[in-house]
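Data first, discussion second: the structure below is written as structure tokens.
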Amino acid sequence: MGSTIMCFSLFITIRSSLQSSIGNYIRLLEILLVHFRKAIILYTFI
């Protein structure tokens, strides 16, 4: 019974860490998109 609980907690920990890393990746992509858009706007003005 104890090993099942340990496996479950390990699974939850891995899942939460995966979700946080994916969230960081998405945030990085959004920042890149914003900078890219600004660069395109500047480029069209020049």
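The opening residue of the sequence shown carries number 1 in full-length UniProt numbering; numbering runs sequentially from there.
Every residue, glycine too, gets a C-beta built ideally from N, C-alpha and C.
When you compare only the Cα positions, how much space is there between residue i and residue j?
| i | j | result |
| --- | --- | --- |
| A39 | F45 | 10 Å |
| S9 | S16 | 11 Å |
| L42 | I12 | 45 Å |
| V34 | S20 | 21 Å |
For residue i, would you say it is in contact with chain D, using Cβ-to-Cβ distances shorter than 8 Å as the test?
| i | result |
| --- | --- |
| R37 | The structure shown contains no chain D; it holds only a single protein chain. |
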